[in-house]
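A.B. asks: Numbers given in the working numbering equal positions in the sequence shown, counted from 1, plus 15.
Each residue gets a CB set at the ideal place from its N, CA and C atoms; glycine is no exception.
It should be emphasised that the depicted structure is a prediction, and the values quoted were computed from it without experimental measurement.
What follows is a structure written as structure tokens; I'll ask about it next.
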Amino acid sequence: MIEYKNITKYFGEKTAVNDLTMTLEKGTITMLIGPSGCGKTTSLKMVNRLVDPDEGDILINGDSIFDLDPVTLRRDIGYVIQEIGLFPHYSVFDNIATLPRLHKWDEKKIKDRVHEVLNMVTLDETYADKYPRQLSGGERQRVGLARALAADPEVLLMDEPFGAIDPINRLILQQSFLEIQEEIKKTIVFVTHDINEAIQLGDKIAIMNQGTLIQFDTVSEILANPENEFVENLLGQDRNLKALSLKKAKDYAVQEGYISVSKEADKEEIRKELEDKDLIVAYILDSRDRLQGRYYIDRSAKKVEGRYPIVRETKPYRVTRNTSLTETLSRMLEHGEKKLPVVTREDRLIGVIDLDAIFEEVEQAETPKGA
Ligand SMILES: Nc1ncnc2c1ncn2[C@@H]1O[C@H](COP(=O)(O)OP(=O)(O)O)[C@@H](O)[C@H]1O
Ligand SMILES: [Mg+2]
């Protein structure tokens, strides 16, 4: 979809981008990351010809961008930058309508589209009449994204769009950005200096240093096999934990180590079955497999007549299937539970996840390639 071919850019003596070659697939998010001044913004701006390279070519859908008129190109590519992106004296409506108007859409179509993209970025229609200064930082960034999406571009360039937003709102924006992307499937180049943002949002990450592309790969491949010490340092000491954030509880849920019983099942029979099988937990399910509670043998309690007591609980802690392993791990630590039931959104039990499975995952990640 977007191909950089041996792109080099000089600013005087300085080589801002050095022989950059990479291919970005259609419908994916590529995160450009690296230290300040490494050439991220320059690499981004070459796609919509805000900067022209000294050597090399960039193809979009197989066509060289240098065969296209820069003004047309810019009109057809969405561009989101930090803060200053919005016209202060234009209402939100007029900001978002900028590109559709350049495309000479009729006003009815523009109006529908403005409302559609506002809706997409979860702002209601009352925002259309507001001015940028009346919005919070997070809302301004949403409007910036809505404006970039208004003319339905295939390509979206984003330069640290959430960089000036406080951490809590940034998390919210990142989540809704991913949800929007699931729907719109644009080809997105996203510059960031935040490695966590790169890991959370990227399909692929391109790591740059001093104008040179150091590693370009899927997020999990980069976490598992950093190219060199520079990448390792960028990922940080806790890269195995970071890798866990990409993995989902459902992929580690197993259907063993517990029994399931109906609400009507007899407590003493359950206890006997658990003791016979040397298990601790029985999950109580309704006729549609929904988790209603659990019984567990309380081995921390005093034995009564040589046996541990069995306890019934109506609301056991649980994780939903798409919960990340990092989140699952922190729930386990928070609640002091070594095993947690994994459920669907409708609360149907699909298995249990065990703390040991998470530890094994971390250990495997630590084993070097080929070992
Ligand atoms: N218009 C310019 N004129 C001169 N030097 C520039 C210009 N734009 C960027 N540079 C230099 O090119 C290098 C890369 O810049 P940039 O792409 O903005 O880095 P990043 O976005 O990774 O922080 C830096 O050394 C920067 O100072
Ligand atoms: Mg920059």
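(1) Take L238 as the anchor and find which of T38, G321 and Q215 has the nearest alpha-carbon.
(2) Pick out whichever of R90, N255, G54 and D291 has its Cα sitting closest to the Cα of H208.
(3) Starting from N33, trace the alpha helix (DSSP H) both ways and give me its first and last residue.
(4) Which residue or residues does DSSP assign as beta-bridge partners of Y146?
(5) Could you compute how far the alpha carbon of K262 sits from the alpha carbon of S339?
(6) May I ask whether a heavy atom of ligand 1 can be found less than 7 angstroms away from the beta carbon of A31?
(7) Counting Cβ pairs, one atom from each stretch, are 3 or more of them under 8 angstroms apart for the region 366 to 378 and the region 282 to 289?
(8) How big is the Cα-Cα spacing for L370 and S345?
(9) Helix, strand or coil for L397? Go by DSSP, reduced to three states.
(10) Got a sec? Which residues, its chain only, sit under 7 angstroms from R309 by beta carbon, not counting five neighbours each side?
(11) If contacts are defined as beta-carbon pairs under 8 angstroms, then L249 and I210 qualify, I think. What distance do you get, rounded to the angstrom?
(12) Starting from E328, trace the beta strand (DSSP E) both ways and give me its first and last residue.
(13) How would you call T45, buried or exposed, if buried means at least 16 neighbouring beta carbons within 10 angstroms?
(14) If I measure Cβ to Cβ from T43 and keep anything under 6 angstroms in the same chain, skipping five residues before and after, which residues do I get?
(15) Count the other CB atoms, across all protein chains shown, that sit within 10 Å of the CB of F81; report buried if there are 16 or more and exposed otherwise.
(16) Return yes when the Cβ of T202 is within less than 8 angstroms of the Cβ of M16, no when it is not.
(17) Classify T36 as buried or exposed, calling it buried when 16 or more other Cβ atoms lie within 10 Å of its own Cβ.
(18) Any idea what DSSP makes of G153, helix, strand or coil?
(19) When every heavy atom of ligand 1 is checked, does at least one fall within less than 7 angstroms of the C-beta of G93?
(20) Contact check, V367 vs A268 under 8 angstroms by CB: the rounded distance?
(21) Starting from the C-beta of T23, find all residues in its chain whose C-beta is less than 8 angstroms away, skip the five residues before and the five after it, and write them out in chain order.
(22) Specify, as a first and last residue, the run of the beta strand (DSSP E) that L306 falls within.
(23) So what does M223 bridge to, in DSSP terms?
(24) Does S151 pass the burial test, meaning 16 or more other C-beta atoms within 10 Å, or should it be called exposed?
(25) Less than 8 angstroms separating the beta-carbons of R305 and R360?
(26) Which ranges would you report for the beta strand (DSSP E) in the region 31 to 94 if only whole runs of at least 3 residues count?
(27) On the three-state DSSP scale, how would you describe K263?
(28) Is the closest heavy atom of ligand 2 to the C-beta of D174 under 7 angstroms?
(29) Within the continuous alpha helix (DSSP H) that includes S191, where are the two ends?
(30) What does the Cβ neighbour count give for I312, buried or exposed, with the cut at 16 atoms within 10 Å?
(31) Closest by CA to S191, which one among G153, E169 and A316?
(32) Among T38, K20 and E122, whose alpha-carbon lies nearest the alpha-carbon of I220?
(33) Indicate whether the contact test is met: 3 or more Cβ pairs, each with one atom in the region 49 to 63 and one in the region 104 to 118, closer than 8 angstroms.
(34) What number of angstroms, rounded off, separates the C-alpha of S235 from the C-alpha of F205?
(35) Which term fits A386, buried or exposed, when burial requires 16 or more other beta carbons within 10 angstroms of its beta carbon?
(36) How long is the line joining the alpha carbons of K384 and Q230, rounded to whole angstroms?
C.D. replies: From the atom records:
(1) Within the sequence shown, residue 238 is the residue found at index 223, counting from 1. The candidate whose alpha carbon is nearest that of L238 is Q215.
(2) Looking up residue 208 in the sequence shown gives position 193. When each option's Cα is compared against that of H208, the closest is G54.
(3) The sequence position of residue 33 within the sequence shown is 18, counting from 1. Careful: N33 lies outside any alpha helix (DSSP H), inside the beta strand (DSSP E) at K29 to L39.
(4) To locate residue 146, count along the sequence shown from 1; it is residue 131. According to DSSP, Y146 bridges with nothing at all.
(5) Translated into positions along the sequence shown, residue 262 becomes position 247. Translated into positions along the sequence shown, residue 339 becomes position 324. One C-alpha to the other measures close to 5 angstroms.
(6) For this step, residue 31 is matched to residue 16 along the sequence shown. Here the distance from the Cβ of A31 to the nearest heavy atom of ligand 1 is below 7 angstroms.
(7) Output reads no: the region 282 to 289 does not touch the region 366 to 378.
(8) Your numbering for residue 370 matches position 355 in the sequence shown. Your numbering for residue 345 matches position 330 in the sequence shown. Note on geometry: alpha-carbon atoms of L370 and S345 lie some 10 angstroms from one another.
(9) Shown here, the chain extends from 16 to 386; a query on residue 397 therefore has no answer.
(10) What you label residue 309 is simply residue 294 of the sequence shown in a count that begins at 1. Close CB contacts of R309 within its chain, under the 7 angstroms cut and outside five residues either way in sequence, are with V296, A297, Y298, I299, E328 and P331 (chain order).
(11) The count along the sequence shown starts at 1 and reaches residue 249 at position 234. The count along the sequence shown starts at 1 and reaches residue 210 at position 195. The C-beta distance from L249 to I210 rounds to 6 angstroms, short enough to fall under 8 angstroms.
(12) Counting from 1 along the sequence shown, the entry for residue 328 is found at position 313. Segment I325 to E328, the beta strand (DSSP E) holding E328.
(13) As a working mapping, residue 45 is identified with position 30 in the sequence shown. Note on T45: 16 or more other CB atoms within 10 angstroms of its CB, so buried under the neighbour-count rule.
(14) As a first step, residue 43 must be located in the sequence shown, where it is residue number 28. Cβ neighbours of T43 beyond the five flanking positions: D218.
(15) Against the sequence shown, residue 81 aligns to sequence position 66. By the 10 Å Cβ count, F81 comes out exposed.
(16) Position 1 of the sequence shown, counted from the start, is the residue given in the question as residue 16. Position 187 of the sequence shown, counted from the start, is the residue given in the question as residue 202. In contact: M16 and T202 (Cβ atoms closer than 8 angstroms).
(17) Position 21 of the sequence shown, counting from 1, holds the residue named residue 36. By the neighbour-count rule (16 or more Cβ atoms within 10 Å), T36 is not buried but exposed.
(18) Within the sequence shown, the letter at position 138 stands for residue 153. Helix at G153.
(19) For the purposes of this step, residue 93 is taken as residue 78 along the sequence shown, with counting starting at 1. The answer is no for G93.
(20) As a first step, residue 367 must be located in the sequence shown, where it is residue number 352. As a first step, residue 268 must be located in the sequence shown, where it is residue number 253. For a cut-off of 8 angstroms, the C-beta gap from V367 to A268 is around 6 angstroms, short enough to register as a contact.
(21) On the sequence shown, position 8 is the one that residue 23 refers to. Excluding its 5 nearest sequence neighbours in each direction, T23 has C-beta neighbours in its own chain below 8 angstroms: T30, V32, N33, D34, L35, P68, D69, E70 and G71, listed in chain order.
(22) Residue 306 sits at position 291 when you count from the first residue of the sequence shown. Bounds of the beta strand (DSSP E) holding L306 are L306 to I312.
(23) By one-based count along the sequence shown, residue 223 stands at place 208. Residue pairing by DSSP places M223 opposite L228 in a beta bridge.
(24) The residue given as residue 151 occupies position 136 in the sequence shown. Burial call: exposed.
(25) Along the sequence shown, read from residue 1 onward, the residue named residue 305 stands at position 290. Along the sequence shown, read from residue 1 onward, the residue named residue 360 stands at position 345. Against a cut-off of 8 angstroms, the Cβ pair of R360 and R305 comes out as no contact.
(26) Segments of the beta strand (DSSP E) lying fully in the region 31 to 94: 44 to 48 and 70 to 75.
(27) Position 248 of the sequence shown holds residue 263. K263 carries a strand assignment under DSSP once its states are collapsed to helix, strand and coil.
(28) Counting from one through the sequence shown, the residue named residue 174 turns up at place 159. Yes, since a heavy atom of ligand 2 falls inside the 7 angstroms radius drawn around the Cβ of D174.
(29) By one-based count along the sequence shown, residue 191 stands at place 176. Where S191 is concerned, the enclosing alpha helix (DSSP H) stretches over P182 to I199.
(30) By 1-based counting over the sequence shown, the position of residue 312 is 297. I312 should be labelled buried.
(31) Taking the first residue of the sequence shown as 1, we reach residue 191 at position 176. Ranking the options by Cα distance to S191, first place goes to G153.
(32) Numbered from its first residue, the sequence shown carries residue 220 at position 205. The candidate whose alpha carbon is nearest that of I220 is T38.
(33) When Cβ pairs closer than 8 angstroms are counted between the two stretches, the region 49 to 63 is seen not to touch the region 104 to 118, the count staying below three.
(34) Within the sequence shown, numbered from 1, the residue matching residue 235 stands at position 220. Within the sequence shown, numbered from 1, the residue matching residue 205 stands at position 190. In this structure, the straight-line span from the alpha carbon of S235 to that of F205 is close to 18 angstroms.
(35) Residue mapping note: residue 386 aligns to position 371 of the sequence shown, counting from 1. Note on A386: pLDDT 45, under 50, position unreliable in the model; the coordinate value appears next. A386 comes out exposed.
(36) Within the sequence shown, numbered from 1, the residue matching residue 384 stands at position 369. Within the sequence shown, numbered from 1, the residue matching residue 230 stands at position 215. Residue placement at K384 cannot be trusted, given a pLDDT of 49 that sits under 50; what the coordinates show is reported in the next sentence. Rounded to the nearest angstrom, the gap between the Cα atoms of K384 and Q230 is 17 angstroms.
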